[in-house]
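Participant: Handing you this structure, nothing more for now.
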Amino acid sequence: MLNVLGVLRLLAVTVIPGIVWVIYFYRKDKYEREPGRLVAKTFLMGAVMIIPAGIVESLFRGWLRNPPSQGALLIAMILGVGFVEEYFKYWATRRVAYDHAAFNEPVDGIIYAVSAGLGFAAFENVLYASSMGLEVGLVRAFLTSLVHASFSGIVGLSMGIAKFAPRGLGGVVIGRGLVLAAVLHGVYDFLLVSQLMNFYLTVLVVMLLHSVLLSRIRLALRLSPFRRPDGVGVDVKRDNDEDE
Numbered sequence: 007m008l009n010v011l012g013v014l015r016l017l018a019v020t021v022i023p024g025i026v027w028v029i030y031f032y033r034k035d036k037y038e039r040e041p042g043r044l045v046a047k048t049f050l051m052g053a054v055m056i057i058p059a060g061i062v063e064s065l066f067r068g069w070l071r072n073p074p075s076q077g078a079l080l081i082a083m084i085l086g087v088g089f090v091e092e093y094f095k096y097w098a099t100r101r102v103a104y105d106h107a108a109f110n111e112p113v114d115g116i117i118y119a120v121s122a123g124l125g126f127a128a129f130e131n132v133l134y135a136s137s138m139g140l141e142v143g144l145v146r147a148f149l150t151s152l153v154h155a156s157f158s159g160i161v162g163l164s165m166g167i168a169k170f171a172p173r174g175l176g177g178v179v180i181g182r183g184l185v186l187a188a189v190l191h192g193v194y195d196f197l198l199v200s201q202l203m204n205f206y207l208t209v210l211v212v213m214l215l216h217s218v219l220l221s222r223i224r225l226a227l228r229l230s231p232f233r234r235p236d237g238v239g240v241d242v243k244r245d246n247d248e249d250e
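According to this note's numbering, the residues represented by the sequence shown are 7 to 250, in order.
Below you can see the structure in the form of structure tokens.
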């Protein structure tokens, strides 16, 4: 019974907050919301990406744990953590949602990518909370989840624009988004590991990133084909409300 209660507590401070964040961002898509099952699948695929990301990141373990210099640590954080994690979260979104008929407006890229990022963060938080305690998991459920959502949102907006861009431009748009997200992610982790940000500054940075994400969502909504001139969404009926 104690083990069961322990698992429930662990999930309550790691996975459940991640699901709440998904619902929070899901509701930002005010014109034409996505199939819930497809969003859930993207969340779960993002969680699964913890495994390949961890394998690739292990190749950079030497530089991450014993860097020869601060510059080397920064490079390792950008390439070995930032790019690796952002790529696999992108892949989860691409694999599950990008080619689905429900992905039919720019903001959808953000919604699905953020869901993948939150799935990744939720199960990353499970690992941290299991080894470092529930208090760490609780803090990460709010701060780290928002950080992952914010960086994934950058890639998601790129995917949303690329999906409807002229042929040949999509790869460039997504590539730029991935590079930007990877660099920001790596720099953020570098500042944390180097202890150049205290807790309060970290909270401030996370809130700033969250504000930027919300502004990107508003931008994507303005590009929605379902937005009427009065700002009201169009009620779209789908024949494929299921995830398949």
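Where is the CB? At the ideal position from N, CA and C, for every residue including glycine.
1) Among the residues of its own chain, which have a CB less than 6 Å from the CB of S164, if the five just before and after it don't count?
2) Would you mind giving the Cβ-Cβ distance between K95 and F126, rounded to the nearest angstrom? I have them listed as a contact below 8 Å.
3) In angstroms, rounded to a whole number, what distance separates the CA positions of M51 and V102?
4) For T20, does the count of other Cβ atoms within 10 angstroms reach 16, so buried, or fall short, so exposed?
5) Would you call the segment 62–80 in contact with the segment 145–165, where contact means no fewer than 3 C-beta pairs closer than 8 Å?
6) Do you know offhand how far H106's Cα is from G115's?
7) Please classify M83: is it buried, with 16 or more other beta-carbons within 10 angstroms of its beta-carbon, or exposed?
8) I need the straight-line Cα distance from V62 to G176, nearest angstrom please.
9) Among the residues of its own chain, which have a CB less than 6 Å from the CB of V209, if the five just before and after it don't count?
10) Figure out for me which residue from R39, A46, R43 and G139 has the closest Cα to the Cα of V113.
11) Exposed or buried, I160, counting other C-beta atoms within 10 Å across all chains shown (16 or more means buried)?
12) Please give the ranges of any alpha helix (DSSP H) in the segment 70–153, keeping only runs that are unbroken, at least 4 residues long and fully inside the region.
13) With a threshold of 6 Å on Cβ separation, who are the neighbours of Y104 within its own chain once the five nearest residues in sequence on each side are excluded?
14) Buried or exposed: where does I223 fall if 16 or more other Cβ atoms within 10 Å of its Cβ makes it buried?
15) Rounding to the nearest angstrom, what Cα-Cα distance links G24 and M203 in this structure?
16) Consult DSSP for R233 and reduce its assignment to one of helix, strand or coil.
17) Looking only at C-alpha atoms, which of L215, I29 and A122 sits nearest to L152?
18) Alpha helix (DSSP H) containing R15: first to last residue?
Facilitator: According to the structure data:
1) The beta carbon of S164 is closer than 6 Å to those of V179, I180 and G183 in its chain, skipping five residues each way along the sequence.
2) That pair is a contact at about 5 Å.
3) M51 and V102: Cα-Cα distance of roughly 8 Å.
4) Classification of T20: buried, given that the 10 Å Cβ count is 16 or more.
5) No contact exists between the segment 62–80 and the segment 145–165.
6) Cα to Cα, the separation comes out at about 11 Å.
7) Burial call: buried.
8) Their Cα atoms are separated by approximately 26 Å.
9) For V209, same chain residues with a beta-carbon under 6 Å away, outside a window of 5 residues either side, do not exist.
10) Of R39, A46, R43 and G139, the residue nearest in Cα terms is R39.
11) Buried: at least 16 other Cβ atoms inside 10 Å.
12) Whole alpha helix (DSSP H) segments, 4+ residues: 76–82, 90–99 and 112–138.
13) Setting aside the 5 residues that flank it on each side, Y104 has no residue in the same chain whose C-beta is closer than 6 Å to its C-beta.
14) I223 should be labelled buried.
15) Distance between the alpha carbons of G24 and M203 is about 24 Å.
16) Strand.
17) Relative to the Cα of L152, the nearest Cα in the group L215, I29 and A122 belongs to L215.
18) Counted as a single uninterrupted DSSP element, the alpha helix (DSSP H) harbouring R15 occupies residues L8 to Y32.
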